[in-house]
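In the working numbering, the protein residues as written are 43 to 508.
Note that beta-carbon positions come from the ideal geometry of N, C-alpha and C, so glycine has one too.
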Amino acid sequence: MESQWGDGGSVDLDDTRLEALSPQPLLTRDYETRPALVYERLRQQHGPVAPVDLLGVPAWLVLGYREALQVLQDNDGFPKGLENWRARSEGRVPADWPLGPSLEVNHILIQGGPGYRPLRTAWDVALKPFQDPRHPQAKRLKAAVTAYADELITLVGQGGKTGVADLSAQFSRPLPLMVASHLLGFPGSQGDDALMDMWRVLDAGPDAEAALERLLATLAELAATKLEKPGDDFPSYLLAAHPDLSLDHLARELFMLLGMTSDHVGILISNTVVEVISGEGSVRASLSAGMVREAMNRSVMRKPPLVNFVPRFAAEDTPLGDYTIRAGDPVWVSSAAAHADPLFADHVASGTTISTRAHLSWGAGPRQCPARELASTVAAAGVGRLFERFDYLDLALPADQLPWRSSPFMRGLRSLPVRYELSGSPARPSADGPAREAAEEVLPDPSARQRSSLWRYLTGLIRGGR
43 MESQWGDGGS VDLDDTRLEA LSPQPLLTRD YETRPALVYE RLRQQHGPVA PVDLLGVPAW
103 LVLGYREALQ VLQDNDGFPK GLENWRARSE GRVPADWPLG PSLEVNHILI QGGPGYRPLR
163 TAWDVALKPF QDPRHPQAKR LKAAVTAYAD ELITLVGQGG KTGVADLSAQ FSRPLPLMVA
223 SHLLGFPGSQ GDDALMDMWR VLDAGPDAEA ALERLLATLA ELAATKLEKP GDDFPSYLLA
283 AHPDLSLDHL ARELFMLLGM TSDHVGILIS NTVVEVISGE GSVRASLSAG MVREAMNRSV
343 MRKPPLVNFV PRFAAEDTPL GDYTIRAGDP VWVSSAAAHA DPLFADHVAS GTTISTRAHL
403 SWGAGPRQCP ARELASTVAA AGVGRLFERF DYLDLALPAD QLPWRSSPFM RGLRSLPVRY
463 ELSGSPARPS ADGPAREAAE EVLPDPSARQ RSSLWRYLTG LIRGGR
C-alpha cells in the first residue's frame with residue numbers, strides 16, 4: 043500500500059494491478075436503462091475511480107469530478123494515442139474487440155504523439171471563420187441553420203398544423219447533419235446520400251459496415267475535389283492550414299466532424315427540448331428571456347450527450363482516486379458520472395436562471411473539443427427556431443418513459459414523440475450582408491431536394507404518421 047494526502051488527510055491506495063481486479067462489465071442492461079445507478083454503485087464500491095470491463099477489456103473509469111479534471115487537464119500525464127496502451131502493445135486486446143474500429147480511426151479526437159499539435163492548430167484555424175461571430179462565414183452558418191430548421195419544421199407541418207411528431211427523427215438528428223453538409227461544402231443536396239450513410243453508421247445496424255465504406259469513399263472523393271478546387275468550406279480551410287495532410291487523412295478528419303459533431307449536436311437539441319418542456323419554471327423563464335444557451339447548459343449538466351470520453355493512458359504509475367494507475371493503463375473519463383459526483387453536484391445551485399459553466403460536456407484542458415462553439419451555435423439556433431415556430435409543444439410520453447440509446451461513448455434519445463401545434467409561418471429573421479445571401483442560397487432546388495434520399499426518408503415519416 044501507498045498513501046497520498048487529500049483534503050481528508052492520509053488515504054490508503056490500492057496498488058493491485060488492473061488485470062488482477064476482475065472488474066465487472068460496465069455495458070449491462072442496467073447501464074442501458076439506468077446509467078446513473080450504475081455509476082453510483084461503482085462510486086460506492088470503489089470511490090472516484092473504478093475498474094470496469096469494457097466488452098472484455100479492463101479499463102479505469104473516472105467517476106469523480108475532481109479526478110476527471112485532473113486527467114483531462116494533464117495531457118502529459120494522461121496522453122491520448124493508442125500507442126500508449128500497454129495491453130494493446132502486448133497483444134492482449136482482442137483483434138475483434140467491438141470498440142476497436144472506432145478507436146483505430148486516427149483523427150483529431152484519437153491521435154496522440156507529435157502529430158497532434160500541428161493537426162489541432164490546423165483545426166483551430168479552419169474552424170475560426172465558422173466560430174467567430176464577426177466573420178462572414180459564421181453569419182452564413184447561422185443563417186443556414188435557420189433555413190434548414192425552417193425547412194424541417196415546414197415538412198413536419200405537412201402532417202397537419204396540429205398532431206404528433208418524432209422531433210428526434212424529424213428535426214434533431216437531420217438538422218446538424220444538414221449543417222455539417224454545409225460545412226463540408228457538398229454542392230446542393232449531393233451530400234444527402236452521405237448523410238444517410240452517416241446515420242446508418244451511428245445507429246450501428248446490420249448495414250453499418252457497408253455504409254461506412256461508402257461514406258469514407260464519398261469523403262475521400264470530396265477531399266480530392268477540395269484539393270483541386272478549394273472553396274469557402276471546412277475541408278478547404280483545413281487543407282490550407284495543413285498542406286501536408288493526405289487525402290486519406292483528410293477524409294478521416296471529415297468523418298470525425300460529420301459524425302461526432304452531428305450526433306453530439308442532435309442529442310443536445312433533443313435533450314434541451316426535453317429540459318425546457320418538462321423542466322422547472324426557471325428553465326422556461328430562461329428560454330422565454332432568449333437565453334437558450336442557459337437551457338442547454340442545464341441540459342448537459344443533467345444528461346451530457348458524450349457520457350464517456352475516448353481513452354487516455356497513464357504515462358507513468360500515478361495515484362488517482364483510491365488506486366494506483368499503472369503506466370499504460372487505459373483511463374476513460376465519464377462526464378455523466380462526474381456531473382453527478384456529490385462533491386460537485388451538491389454545490390451547483392438548482393433554483394436559478396443562470397446555470398453553471400463548469401460542466402465537462404466539451405472536455406477540459408488543452409484537448410477540449412475544438413468545435414464546441416460551432417456545435418453550441420448550431421444547437422442554440424435550432425432550439426430557438428423550434429420554439430419560435432411552434433405555439434405548443436409537449437411530450438407525448440412521460441419524461442421517464444422516453445426511450446434512450448446508449449453506447450460506450452454517447453447517450454441520446456431513440457425518439458422524441460411530441461404533441462405540437464404549429465404557428466403561422468413567421469417572416470424569416472432579418473439578416474443583412476452575407477447572412478441574407480446564405481438564407482437565400484443555402485437551400486437546394488426543390489426538385490433536387492425531393493429526389494434526395496434524406497428527403498425521401500423524412501417525407502416517408504410524415505406519410506407513415508398519418
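Straight across, the Cα-Cα distance linking P100 with V80 is about 17 Å. G98 is positioned such that its CB atom lies closer than 8 Å to that of P136. C-alpha of S304 to C-alpha of R128: approximately 32 Å in a straight line. A distance of 8 Å or more separates the beta carbons of D239 and R215.
If you draw a straight line from the Cα of V307 to the Cα of G426, it comes to about 14 Å. The C-alpha of D166 lies about 20 Å from the C-alpha of L402. Restricting attention to beta strand (DSSP E) runs no shorter than 3 residues, the region 194-269 encloses them at 204-208, ordered along the chain.
The beta carbon of L496 is closer than 6 Å to those of D234, L237 and M238 in its chain, skipping five residues each way along the sequence.
Scanning its chain for C-beta atoms nearer than 8 Å, with the 5 sequence neighbours on each side dropped, one finds around D116 the residues G407, in chain order.
Under the three-state reduction of DSSP output, R134 falls in the coil class, being neither helix nor strand.
Taking C-beta atoms as the reference points, V349 and A382 fail to come closer than 8 Å. Of the candidates H224, K203, G466 and L197, the residue whose Cα lies closest to the Cα of A211 is L197. It is roughly 35 Å from the alpha-carbon of S376 to the alpha-carbon of F432. Under DSSP, F432 takes part in a beta bridge, and its partners are L464. From the listed residues R461, G405 and I504, the smallest Cα separation to A110 is found for G405. A distance below 8 Å separates the beta carbons of A191 and L217. For G370, the closest C-alpha among the options P353, T188 and R447 is that of P353.
K122 counts as buried, since at least 16 other C-beta atoms from the protein chains shown sit within 10 angstroms of its C-beta. Counting along the chain, R368 sits inside no alpha helix (DSSP H), nor does DSSP assign it H or E at all. Beta bridge pairing from DSSP links D95 with P67 and P100. Counting the other CB atoms within 10 Å of its CB gives K268 a total of 16 or more, which places it among the buried residues.
Apart from sequence neighbours up to five positions away, the residues of its chain that approach A164 with a beta-carbon distance below 6 Å are L280, A283 and H284, ordered along the chain. In this structure, L455 places its C-beta atom within 8 Å of the C-beta atom of L444. Under the 10 Å beta carbon count, P277 is surrounded by 16 or more other beta carbons and is classified as buried.
Under DSSP, L348 forms a beta bridge with M452. Scanning its chain for C-beta atoms nearer than 8 Å, with the 5 sequence neighbours on each side dropped, one finds around H177 the residues K170 and P171, in chain order. A direct Cα-Cα distance of roughly 50 Å separates A441 from E270.
Leaving aside the five residues that flank M220 on each side, the residues in its chain whose CB is nearer than 6 Å to its CB run, in chain order, Y190. Annotated three-state conformation of R294 is helix, per DSSP. In the structure shown, D56 falls within a strand segment according to DSSP collapsed to helix, strand and coil.
Bounds of the alpha helix (DSSP H) holding W165 are Y158 to Q173. One thing to note: S312 has its Cβ within 8 Å of the Cβ of L209. Distance check between R409 and each of T58, L161 and R59 places L161 closest, using alpha-carbon atoms only. Under the three-state reduction of DSSP, W404 is assigned to coil, being neither helix nor strand. According to the DSSP assignment, I319 belongs to the alpha helix (DSSP H) that extends over S304 to S320. By the neighbour-count criterion, in which 16 or more other beta carbons inside 10 Å mark a residue as buried, A423 falls on the buried side.
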